[in-house]
Each structure stands twice: as structure tokens, then as C-alpha cells.
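Asker: First the structure, then my questions, so here it is.
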Ligand SMILES: [Zn+2]
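In this note's numbering, the protein residues as written are 107 to 186.
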């Protein structure tokens, strides 16, 4: 796994820019708390480069900084 270290408000985290969830503005990359990529931390917004986002129970991810959003899969299917 090729992880990129990033400094965030939550401390140093490791971002996998090769793997993520498709967002409206940019991907949400998978983020890990450890260099080996074994401890999932959350998501890194590829648009504004922050980790200030949240996932709800529907699987939707929304960035609190730039409004980038990952809609649940069924929404994508209905609009494409
Ligand atoms: Zn963002």
C-alpha cells in the first residue's frame, strides 16, 4: 500500500490516493491512522484536502469544509 502522510487538524494521517469513494467534487480517499494502513481512520476530502467530514447511516459522506458529497449508491443509479 502506498500511503501519503498528511498533516491534519486531527494529527498526522495516511491517505491512500489510489483508493476512495467517488464524490460530487472530488474523491473521498481512504485514510488510515497508521503507516501500514491497518487502522482505518475515515476519509480525506480530495477537493479541499481536509478530514473534516462525516458519514451518516445511509453511507453518505459530506465534507464540512467545501460541501463535497458522496451520495448513496442508489442515488447515483437513479440520476445517471
Ligand atoms: Zn472538502
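Note that CB positions come from ideal geometry on N, CA and C, so glycine has one too.
Residues in the same chain with beta-carbon distance under 6 Å from residue 127, minus the five sequence neighbours each way, listed in chain order, please.
Answerer: Counting only Cβ-Cβ distances below 6 Å, and skipping sequence neighbours, we find 134, 176.
Asker: Compute the Euclidean distance between the alpha carbons of residue 142 and residue 148, then round it to the nearest angstrom.
Answerer: Between residue 142 and residue 148, the C-alpha separation is close to 15 Å.
Asker: Using a Cβ-Cβ cutoff of less than 7 Å, which residues in the same chain neighbour residue 186 once the five nearest sequence positions on both sides are dropped?
Answerer: Residue placement at residue 186 is poorly supported in this model, since its pLDDT is 49, which falls under 50; the coordinates are not used for a value here.
Asker: Compute the beta-carbon to beta-carbon distance between residue 132 and residue 108, rounded to the nearest angstrom, for a pair I have assumed lies under 8 Å.
Answerer: In fact, because the Cβ distance is near 19 Å, the residues do not count as touching under 8 Å.
Asker: Buried or exposed, going by whether 16 or more other CB atoms sit within 10 Å of the CB of residue 145?
Answerer: Under this definition residue 145 is an exposed residue.
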